[in-house]
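For the record, in the sequence shown the residue sitting at position 183 is 183 according to full-length UniProt numbering, with numbers rising by one throughout.
Glycine is no exception: its CB is placed at the ideal position from the N, C-alpha and C atoms.
Treat the numbers as computed from the prediction; the structure is a model and nothing was measured.
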Amino acid sequence: MPSTSPVILILGAGPNIGRALAPARSLKEADSTDNQLHITSDFSNTDDAVNAFDKVKKAFGIPSVVVYNCSTNTFTPADDPLAIPIANFRSERNINIDSAFVAAQQAVLGFDQLPSSTARTFIYTGNVTNVAILPKMLSSGVCKSGAAHMIWAASAGYRDRGYKFYYADERKEDGSPKYRIDGDAHAKLHWELAHANTQRTWMQTFVRKNAFGRSPHESGKLNSNSKDGRGIL
């Protein structure tokens, strides 16, 4: 039976961010509980994104917060970035961007049916590759760049409806990439973004102790005199 409590759907609920957002001992379907539903999915198949929404809506109702936390990359030699099999590239595109696009579509269809008092927030877990080249991570960069553009466009296009879209990118304090991301830091940021009344900067670059919005065209050192009391990188 659908729940009267707010529902969050985490696509890609692994042992780090997923577990920090929704603590659980297991992520097996058989270990679902009255307030947590675990769905086995393969997001190289975009139909699985639709299936996840359908199952959640049937069990708990329409999710007001959706987190897309799926990512994959085939590492290539730094001096031969195009040396990736096309089959791998297509599969990774499906996971990193195509299924994310489908999930965003499904989220909007649900948000259209929710009252304005609900969070109606979509968050995509990104990284630095939409604004920087990382050796061996061509596939990630291509896909994350596309996803970032999607989030940017959605944040502007759905602003008047009150729907919020974010690209979350955790960094080290000096602004460099953080390869071992912090699940608790993501959970804290997601909570803040979901509970914000209006859309904040769509590209949410943040560190563990401070979350700060960033324009993709800006560069430089952390500036603490920014809007919302957050720094701008």
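Item checked: Ser140 versus Ser5 - alpha carbon distance -> By one-based count along the sequence shown, residue 140 stands at place 140. By one-based count along the sequence shown, residue 5 stands at place 5. Their Cα atoms are separated by approximately 35 Å.
Next item on the list: Mind the definition here: the stretch 114–131 touches the stretch 177–195 only if three or more C-beta pairs lie below 8 Å; say whether that holds.
Entry: yes
Next item on the list: If I'm right that Ala103 touches Tyr68 with Cβ under 8 Å, what's the distance once you round it to whole angstroms?
Entry: Within the sequence shown, residue 103 is the residue found at index 103, counting from 1. Within the sequence shown, residue 68 is the residue found at index 68, counting from 1. 5 Å between Cβ atoms; contact.
Checklist line | Span of the beta strand (DSSP E) around Val65 | finding: Reading the sequence shown from its first residue, position 65 is the one you call residue 65. It spans Val65 to Tyr68 - the beta strand (DSSP E) in which Val65 sits, taken as one unbroken run.
Note to self: Here's a check: name, in chain order, each residue in its chain whose Cβ is nearer than 7 Å to the Cβ of Leu114, leaving out the five neighbours to either side.
What the structure shows: As a first step, residue 114 is located in the sequence shown; it is residue number 114 there, counting from the start. These residues qualify, in order along the chain: Ile62, Ser64 and Arg120.
Note to self: Below 8 Å, how does it come out for the stretch 126–134 and the stretch 160–180: are there three or more Cβ pairs, yes or no?
What the structure shows: yes
Check: Buried or exposed: which applies to Ala87, given that a residue is buried once 16 or more other Cβ atoms fall within 10 Å of its Cβ?
Finding: Here residue 87 corresponds to residue number 87 of the sequence shown, with the count starting at 1. Ala87 comes out exposed.
Margin query: So, with DSSP's three-state summary, where would you put Gln36?
Written below: Here residue 36 is taken as the residue at index 36 of the sequence shown, counted from 1. Three-state DSSP puts Gln36 in coil, outside helix and strand.
Margin query: Would you call the stretch 136–151 in contact with the stretch 87–98, where contact means no fewer than 3 C-beta pairs closer than 8 Å?
Written below: yes
Notebook entry, point to check: By DSSP, does Gln105 sit in helix, in strand, or in coil?
Noted result: Position 105 of the sequence shown holds residue 105. The answer is helix: DSSP assigns Gln105 an H, G or I state.
Check: Whole alpha helix (DSSP H) runs in the stretch 117–158 with 4 or more residues, listed along the chain?
Finding: 138–157
Next item on the list: Please work out which residues of its chain come closer than 8 Å, Cβ to Cβ, to Trp7, disregarding the five sequence neighbours upstream and downstream, and give them in chain order.
Entry: Within the sequence shown, numbered from 1, the residue matching residue 7 stands at position 7. Here residue 7 is Val; the residue named in the question, Trp, does not match the sequence. Closer than 8 Å at Cβ, skipping near neighbours: Val56, Phe60, Gly61, Ile62, Pro63, Ser64 and Val65.
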